[in-house]
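A.B. asks: The following block contains the structure, expressed as structure tokens.
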Amino acid sequence: MLKVGLTGGIACGKSYVLQELTKSGAYTLDADKIAHSVISPEGAAYPEVVNAFGSEILTSEKIIDRKKLGEIVFSDREALDRLNQIVHPHVFAEEERQILAIEADAGETGADLLVVDATLMIEVGSYRNYDSIIVVYCRPAVQLHRLMQRDDLSAEEALTRIRSQMPVIRKLRYADYVVDNSGERTETRHQIRRISEKLILRQIEEPL
């Protein structure tokens with residue numbers, strides 16, 4: 044099975060690219076959704092996160108308020124590192140479990156392409172686990188505008204979150220394929236289609 048890592052900057056459109064790759068027939072896995080699940084009340088990381096950051100991050104229903112948690116960690120590098128140290132081992136374990144299940148299913152169906160979407164795969168080094176890397180990029184002004192709209196943030200708040208991550212321009216150095224999502228969806232879909240075709244061709248020429 045060809046394993047492809049999908050990453051990029053915050054609000055650059057990774058989820059949309061993953062959605063389109065799913066439509067193309069690839070198995071897909073969203074590591075960011077796994078990260079959300081492990082801090083849910085039933086999640087493996089929940090007790091550690093609450094213990095580390097206090098009950099003030101909880102809603103009245105005892106659910107971790109990700110906006111409140113974000114306000115803490117995106118303005119404090121040490122707090123962000125602490126959160127990642129708690130959450131990442133649980134994410135990696137669940138990700139591996141799901142990948143093994145996908146590989147078992149693929150063996151029965153004959154499908155042989157898996158795309159894993161993870162925001163921090165380059166920062167934590169897990170990009171090395173993949174055969175190819177797709178980086179989703181958009182112009183900085185577009186990224187800022189989309190993040191402000193998506194998360195209802197001020198320009199200052201959005202810039203703080205963008206700056207907490209590796210600059211997307213640096214991530215491009217690790218890319219085998221790049222999707223520039225600065226423009227219209229039709230342009231992005233065209234790029235995704237071409238990348239999908241190249242991956243299919245690679246599977247034919249270099250079966251894994």
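Numbering-wise, this note's numbering comes out as the position in the sequence shown, counting from 1, plus 43. For each residue, glycine too, the CB sits at the ideal point set by N, CA and C.
(1) Enumerate in chain order the residues of its own chain whose CB-to-CB distance from residue 95 is below 8 Å, with the five nearest sequence positions on each side excluded.
(2) In terms of alpha-carbon separation, which member of 146, 81 and 186 lies closest to residue 211?
(3) Specify the secondary structure class of residue 113 as computed by DSSP and reduced to three states.
(4) Within 10 angstroms of the Cβ of residue 37, are there 16 or more other Cβ atoms? Answer buried if so, exposed if not.
(5) Counting Cβ pairs closer than 8 Å, one from the stretch 174–182 and one from the stretch 50–69, do we hit at least three?
(6) I need the boundaries of the alpha helix (DSSP H) containing residue 187, first residue and last residue.
(7) Can you check whether the CB of residue 63 is closer than 8 Å to the CB of residue 243?
(8) Do residue 190 and residue 54 have their C-beta atoms within less than 8 Å of each other?
(9) Are the stretch 198–211 and the stretch 168–177 touching by the rule of at least three beta carbon pairs closer than 8 Å?
(10) Residues in its own chain within less than 7 Å of residue 112 by CB, not counting five upstream and five downstream?
(11) Going residue by residue through the stretch 219–243, where are the continuous beta strand (DSSP E) segments of at least 3 residues, counting only ones entirely within it?
(12) Among 107, 138 and 80, which one has its Cα closest to the Cα of residue 93?
(13) Assuming contact is defined by CB atoms lying nearer than 8 Å, are residue 231 and residue 160 in contact in what I supplied?
(14) State the DSSP-derived secondary structure class of residue 46, mapped to helix, strand or coil.
(15) Under a Cβ-count criterion, where at least 16 other Cβ atoms within 10 Å of its own Cβ denotes burial, should residue 98 be classed as buried or exposed?
(16) Do residue 175 and residue 148 have their C-beta atoms within less than 8 Å of each other?
(17) For the alpha helix (DSSP H) that residue 80 lies in, which residues bound it at each end?
(18) Excluding the five sequence neighbours on either side, which residues of its own chain have a C-beta within less than 7 Å of the C-beta of residue 86, listed in chain order?
C.D. replies: So, to answer that:
(1) 125, 126 and 129
(2) 186
(3) Helix, per DSSP.
(4) In the structure as shown, the chain begins at 44 and stops at 251. Residue 37 is therefore absent and cannot be evaluated.
(5) yes
(6) 183–194
(7) no
(8) Closer than 8 Å, so yes.
(9) no
(10) The answer, listed in chain order, is 96 and 100.
(11) 220–223
(12) 107
(13) no
(14) strand
(15) exposed
(16) no
(17) 74–81
(18) 80
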